[in-house]
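Going by full-length UniProt numbering, the sequence shown opens with residue 1, and the numbers climb by one from there.
Ideal Cβ placement from N, Cα and C applies to all residues, glycine included.
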Amino acid sequence: MLTASEFQRAAGVSDVLRDAWYTNIAMAMSKYGINTPLRQAHFIAQTGHESSGFRKVEEGLNYSESALLSMFSKRITPAQAKKYGRNELHAADQKMIASIIYANRNGNGDIESGDGYRYRGRGLIQITGKANYAALVEQLGADVVGNPDLLTGYKLAAESAAAWWKNHGLNELADSDDVTRITRIINGGTNGLDDRKSRLTKAKGILCST
């Protein structure tokens, strides 16, 4: 079984973060079959990246006007990026940004519904979209659709990540040590792949060395 010390060293976290996360992550991994050193190393690496080192459980949308156009040019217009993105004239309107870029995706309604912001990324693996929240209600035994902020608590932040991981076949991909495919499923692309690989190398060095 993964120990608190092994988790701390594999994740590269402080004593405070170890104490906050270890029990919750260990229980979540056990419940959802993340039960080999290699699976655990991949899970810790990916959730570590998604949560900025286990420090963040809610998506930040403080995008600049230029970043919005660079990252979401197919989802947001130049006029919208100028109006809602951060620039020299005003701060980012994060609620409108999320409502626009996530509209009509993953079970969300249109821009006016506000679903994009309501179901923005939360938890250690950044569950995003109303459909993805709804898919976890029964497994978690919690109405995360009615109260999305439940996923920001330590227990459900960890468990939602582990449940999503299992539901998307990531235990099996971890068995084949395929970090790129795992990243594509989580991210939809390969954003942050170098950091994910670096975190994986560190975690494997701790957990898979014996």
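Which of the three DSSP states is assigned to residue i in this structure?
{"i": "Ile127", "result": "strand"}
{"i": "Ser176", "result": "coil"}
{"i": "Ser64", "result": "strand"}
{"i": "Glu58", "result": "strand"}
{"i": "Arg122", "result": "strand"}
{"i": "Arg39", "result": "helix"}
{"i": "Arg86", "result": "strand"}
{"i": "Met71", "result": "helix"}
{"i": "Ile25", "result": "helix"}
{"i": "Pro195", "result": "Note on residue identity: the sequence assigns Asp, not Pro, to residue 195. In this structure, Asp195 counts as helix in the three-state DSSP scheme."}
{"i": "Thr77", "result": "coil"}
{"i": "Asp143", "result": "coil"}
{"i": "Val13", "result": "coil"}
{"i": "Gly114", "result": "coil"}
{"i": "Arg184", "result": "helix"}
{"i": "Thr201", "result": "helix"}
{"i": "Ser30", "result": "helix"}
{"i": "Asn106", "result": "coil"}
{"i": "Ala91", "result": "coil"}
Closest to residue i by CA distance: which of the options is it?
{"i": "Arg39", "options": "Asn108, Asp143 and Asn171", "result": "Asn171"}
{"i": "Tyr133", "options": "Gly107, Gly114 and Lys197", "result": "Gly107"}
{"i": "Lys197", "options": "Leu136, Val137 and Thr180", "result": "Thr180"}
{"i": "Gly192", "options": "Gly109, Glu6, Gly48 and Phe7", "result": "Gly48"}
{"i": "Lys202", "options": "Trp21, Asp19, Gly53 and Asp15", "result": "Gly53"}
{"i": "Ala92", "options": "Ser113, Ser66, Gly169 and Ala4", "result": "Ser66"}
{"i": "Gln139", "options": "Lys166, Leu124 and Gly121", "result": "Lys166"}
{"i": "Tyr22", "options": "Pro37, Thr36, Gly12 and Thr3", "result": "Thr3"}
{"i": "Glu6", "options": "Pro37, Ala20 and Gly146", "result": "Pro37"}
{"i": "Leu124", "options": "Ser73, Tyr154 and Ala20", "result": "Tyr154"}
{"i": "Gly121", "options": "Asp110, Leu150 and Ile111", "result": "Leu150"}
Using the Cα positions of residue i and residue j, report the straight-line distance between them to the nearest angstrom.
{"i": "Arg86", "j": "Val57", "result": "22 Å"}
{"i": "Lys82", "j": "Arg184", "result": "30 Å"}
{"i": "Ala103", "j": "Leu173", "result": "30 Å"}
{"i": "Ser14", "j": "Ala45", "result": "16 Å"}
{"i": "Leu207", "j": "Arg55", "result": "22 Å"}
{"i": "Arg18", "j": "Pro78", "result": "43 Å"}
{"i": "Ala142", "j": "Asn24", "result": "16 Å"}
{"i": "Thr128", "j": "Asp115", "result": "10 Å"}
{"i": "Arg9", "j": "Ala157", "result": "20 Å"}
{"i": "Gly205", "j": "Ser113", "result": "46 Å"}
{"i": "Ile76", "j": "Ile182", "result": "27 Å"}
Between which two residues does the alpha helix (DSSP H) carrying residue i extend?
{"i": "residue 211", "result": "The structure shown does not extend to residue 211, since the chain is modelled only from 1 to 210, so the question has no answer here."}
{"i": "Thr3", "result": "Unbroken run through Thr3: none, as it is neither H nor E."}
{"i": "Asn167", "result": "Tyr154 to Asn167"}
{"i": "Ile97", "result": "Gln94 to Ile101"}
**Prompt:** Between the segment 58–76 and the segment 93–109, are three or more C-beta pairs nearer than 8 Å?
**Reply:** yes
**Item:** Sufficient close CB pairs (3 or more, under 8 Å) joining the segment 157–170 to the segment 22–34
**Value:** yes
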